[in-house]
Amino acid sequence: MSESTTSIALKRVAPRRRRRGGGLRALWRSPIFLIAIAIITVVVLMAIFPGLFTQIDPRSCDLTKSRVGPEPGHLMGFDIQGCDYWSNIVHGARTSLEVGVLTALLTFIVALIAGSLAGYFGGIVDTAISWLSNMILGIPSMIASLVILYQFRDRTVWTIVLVLVLFGWAGTMRYMRSSVLQVKNLEYIQAARGLGVGKWTILLRHVIPNSVTPLVVMSTLSIGAGMAAESGFSILGVGLRLPAISWGIQIALAGQDGNWQIAPLLMLFPAAMLGLTTLAFVVLGESLRDALDPKARR
């Protein structure tokens, strides 16, 4: 293959990149996207700098205030133990966000490596990875997760995260594998091969950067899914426990012994925060998909 042909093939990547850049700039003109970014920013600030939102110790409790509603200085009233509920909401953001972000990050890494190897090298590598992923997908993930978590007496953030990654990487890996299969036979990849560029160099410098968009979108969506899963595990009694603080624990405690019927705000506040944050990450992921993948736009 001549060098001029190679340069023409490589230049065809540039319009695609320009379209992506234009799509990203268009995001900042979308009100829904801006609202989602604002919600995520507030939650991240809560998680990293809780002192910006409250100076009250979430573990400073007074049982005489149990389930008392909002009053001056206590925006959301008090929980079952008489702890300031707003302070618990603020400090609970860190744990809930940790589960979501760590789950998404580790799933991204595993899916990136496995999907890239399976799609690019094919053969026995693809067969082995695909067989393993099919086996994982064939297991009822919710039931298996409950069984595994039940075996741990003391469950931590990492316990929850590793279980979610164990059963979450296989489906995400398929997106990466499919994307790599499409990219590896494009003209500019063939041009690089014709110039004698090594397989690993092509994979790392050309195939992965141009295949990773679906994985980025899926990982963004999985942040909210991880946060929701942490809450679900807590409600089912196999998640985090006190003295840990998270929105899932607050929802679980509000649902015990009909507490939410006596004080509905105990359920409303953490559920609203979890719902808004999850929805914000879904909007972020969908917006990124439309911006980074022009074919997805209608």
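Heads up, my numbering is the position in the sequence shown plus 348, with the first residue counted as 1. Even glycine gets a Cβ: it sits at the ideal position worked out from N, Cα and C. All of these numbers come straight from a predicted model, not from anything done at the bench.
{"Check": "Proximity of residue 565 and residue 633 at Cβ, strictly below 8 Å", "Outcome": "yes"}
{"Check": "Where the alpha helix (DSSP H) containing residue 491 begins and where it ends", "Outcome": "489-498"}
{"Check": "Cβ pair residue 563, residue 509 closer than 8 Å", "Outcome": "no"}
{"Check": "Residue 495 burial status per 10 Å Cβ neighbour count (16 or more: buried)", "Outcome": "exposed"}
{"Check": "Three CB pairs or more closer than 8 Å across the segment 385-403 and the segment 430-446", "Outcome": "yes"}
{"Check": "Spatially closest choice to residue 571 from 395, 500 and 448, by CA coordinates", "Outcome": "448"}
{"Check": "Spatial distance of residue 638 from residue 484 (CA atoms)", "Outcome": "29 Å"}
{"Check": "As assigned by DSSP and simplified to three states, the class of residue 397", "Outcome": "coil"}
{"Check": "Spatial neighbours of residue 418 in its chain, beta-carbon cut-off 8 Å, leaving aside the 5 residues before and after", "Outcome": "424, 425 and 613"}
{"Check": "Alpha-carbon to alpha-carbon, residue 444 and residue 383", "Outcome": "20 Å"}
{"Check": "Closest Cα partner of residue 586 within the set 608, 609, 491 and 605", "Outcome": "491"}
{"Check": "For residue 477, the first and last residue of its enclosing alpha helix (DSSP H)", "Outcome": "471-485"}
{"Check": "Residue span of the alpha helix (DSSP H) that contains residue 581, given as start and end", "Outcome": "561-583"}
{"Check": "Backbone secondary structure at residue 605 - three-state DSSP", "Outcome": "helix"}
{"Check": "Buried versus exposed, by CB contacts within 10 Å (16 or more), residue 386", "Outcome": "exposed"}
{"Check": "Short Cβ contact (8 Å threshold) for residue 649 with residue 631", "Outcome": "The structure shown does not extend to residue 649, since the chain is modelled only from 349 through 646, so no value can be given for it."}
{"Check": "DSSP bridge partner residues for residue 419 (one or two, in chain order)", "Outcome": "422"}
{"Check": "C-beta contact flag for residue 522 and residue 481 at 8 Å", "Outcome": "yes"}
{"Check": "Buried or exposed by the 16-neighbour rule on C-beta atoms within 10 Å, applied to residue 532", "Outcome": "buried"}
{"Check": "Limits of the alpha helix (DSSP H) - the one that residue 527 falls within", "Outcome": "505-531"}
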